[in-house]
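J.: Mapping of the sequence shown onto the numbering used here: position 16 corresponds to residue 16, and the numbering continues sequentially without gaps. I am attaching a structure below and will ask some questions about it afterwards.
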Amino acid sequence: MHNDSMAHFDALVRAGAGCALIREEIALQGAQKNHFAIWGHAKADALLGFISANENAQTPLIMALVSMLKDIWSLDSTINSI
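If you want it as structure tokens, here you go:
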């Protein structure tokens, strides 16, 4: 997701006031524009999650996404969605 927080990270890095962990495609675009440099030797483990509004939890799209994530993330199939 690209939002105001990402814009703040970008501005801080470009101003030389910080560093950021951002999605690869955004980092590559910024590096191509010479906005910042990528440290290519870093690897990061990250905890990922999926959230949805309660009112959308039983929609076909969200149910399909949860099903795919259970498979991709090797989650127990007995885990209930939202």
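Ideal Cβ positions, reconstructed from N, Cα and C, are used throughout, including at glycine. Model, not experiment: these values are computed from the prediction.
1) Beta-carbon within less than 7 angstroms of Phe36's beta-carbon, same chain only, minus the 5 sequence neighbours each way: which residues are those?
2) Our contact map puts Trp57 next to Leu21 with C-beta atoms below 8 angstroms; I'd like the distance itself, whole angstroms only.
3) Closest to Gly40 by C-alpha separation, out of Ile51, Ser52 and Ala27, would be which residue?
4) At what residues does the alpha helix (DSSP H) containing Lys70 begin and finish?
5) Pick from Ala17, Gly16 and Arg23: whose alpha carbon is nearest that of Met6?
6) Do Phe50 and Leu65 have their C-beta atoms closer together than 9 angstroms?
T.: Taking the structure as given:
1) Val13, Arg14 and Gly30
2) Strictly speaking, residue 57 in this sequence is Ala, with Trp absent from that position. The pair is not a contact, with the Cβ atoms about 29 angstroms apart (cut-off 8 angstroms).
3) Ala27
4) Pro60 to Ile72
5) Arg23
6) yes
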